[in-house]
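If you want this note's numbering, it's the position in the sequence shown, counting the first as 1, plus 98. All C-beta atoms, glycine included, are put in the ideal place defined by N, C-alpha and C. Bear in mind that the values here come from a model prediction, so they are computed numbers and not experimental data. One structure is given below, encoded as C-alpha cells.
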Amino acid sequence: YRPGYDLDALMEETAAVVAYCGLGGPARRTPYYEAFERHAGVDLDDPDPAPLATAAAAIDTHIAGAGAPRALLQDLVFSHRVAPRLGRSGPELLFDYPPEQAALAVLGSGTQPRARRFELFVDGIELANGFEELRDAGEQRRRFETDNAMRRELGQPERAPDERLLAALAHGLPPASGVALGVDRLLMALTGLADIAQTQAFGLESL
Numbered sequence: 099y100r101p102g103y104d105l106d107a108l109m110e111e112t113a114a115v116v117a118y119c120g121l122g123g124p125a126r127r128t129p130y131y132e133a134f135e136r137h138a139g140v141d142l143d144d145p146d147p148a149p150l151a152t153a154a155a156a157i158d159t160h161i162a163g164a165g166a167p168r169a170l171l172q173d174l175v176f177s178h179r180v181a182p183r184l185g186r187s188g189p190e191l192l193f194d195y196p197p198e199q200a201a202l203a204v205l206g207s208g209t210q211p212r213a214r215r216f217e218l219f220v221d222g223i224e225l226a227n228g229f230e231e232l233r234d235a236g237e238q239r240r241r242f243e244t245d246n247a248m249r250r251e252l253g254q255p256e257r258a259p260d261e262r263l264l265a266a267l268a269h270g271l272p273p274a275s276g277v278a279l280g281v282d283r284l285l286m287a288l289t290g291l292a293d294i295a296q297t298q299a300f301g302l303e304s305l
C-alpha cells in the first residue's frame, strides 16, 4: 500500500519493479475497454447486451445462459479471449476497468465511470493486480452483497463479508493505492517455467 499514491503513480512503480527484475523495457498501457474490443470484438460501451452474450456463449453455453450476470460474462470472455493475448511483446498494464470489475477499487468520475484498477500482464499471465483503494464502507458492503447475490443466482456458496475490512474503512483510510504482485508468477516469467508449482519449494499437497 502507498498512502498518497494515485493509480498512475502505483502503475509506474509496479512497472519499474518488473523492469528492474529483467522483464523487458517500459510497460505498454492499454485501457481495458480497448483490449476487450481488440481481442474479443466486443464494445463494452455498447448498451446492446447481445454481442457480449454471444461472445460468452461461444465459449461456454452453460455459463452464458439466459440471465447470466454481465460481470460473469465479462470474466468468461476476458479470461478466454483477452488475457491470453496480453503482454506478448513485453509487460502490458491494463487499466480503467468496467464498474462491474471494480472489486476494491474506487470509481472514477464522468458519465461512463471506470474502476481505478489495473493488472500487469506478461506473456498472457497476470503478475499484479492493483487498486486506487475504495474508502467508502457503505459502498464496499453493497459490493459484497452484489457479489453474493450473483453467487446465489449461480448456485454457489456465499462468502461472508470481510467485517474487519469494513470496520477499518468506517474508521477511516487515507487516500491510497495498493497492489499485489505474484512472486511465484514473476519467477515463472523470468525462468520460462510452465508450471507454477516448479517455482515453489513445496506445494500444498506435500503438507
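Query	Result
Nearest-angstrom Cα separation, counted from Gly236 out to Leu318	Summary: the structure shown does not reach residue 318, with the chain confined to residues 99 through 305, and so no result is reported for it.
Cβ pair count under 8 Å reaching 3, the stretch 268 to 276 against the stretch 289 to 303	no
Segment contact flag, the stretch 204 to 221 with the stretch 183 to 192, C-beta cutoff 8 Å, min 3 pairs	yes
Where the alpha helix (DSSP H) through Asp282 begins and ends	Val281 to Thr289
Proximity below 8 Å, CB of Ala138 to CB of Arg179	yes
Contact the stretch 202 to 215 vs the stretch 149 to 156: 3+ CB pairs below 8 Å	no
Pro255 versus Arg249 - alpha carbon distance	7 Å
Among Leu225, Ala114, Ala201 and Pro145, nearest to Gln238 - alpha-carbon criterion	Ala201
Where the beta strand (DSSP E) through Asp143 begins and ends	From DSSP, Asp143 is part of no beta strand (DSSP E); its letter is neither H nor E.
Nearest neighbour of Arg257, chosen from Leu264, Ala265, Ala247 and Ala266 [CA to CA]	Ala247
DSSP state of Tyr130 mapped onto helix, strand, coil	helix
Minimum C-alpha distance to Leu271 - residue among Glu231, Arg214 and Phe242	Glu231
Of the residues Ala299, Ala114, Ala287 and Gln296, the one placed nearest Gly185, counting alpha carbons only	Ala287
Sequence-distant residues of the same chain with beta carbon closer than 6 Å to Ala268, five excluded per side	Ala235
Proximity of Ala154 and Leu142 at Cβ, strictly below 8 Å	no
Residue from Ala226, Asp144 and Thr112 whose Cα sits closest to the Cα of Arg283	Ala226
Coarse secondary structure for Gly228, derived from DSSP in three states	strand
Under the three-state DSSP convention, the category Phe176 falls into	helix
Close beta carbons around Pro211, own chain, < 7 Å, minus the five adjacent residues each side	Pro197 and Leu205
Under the three-state DSSP convention, the category Asp260 falls into	coil
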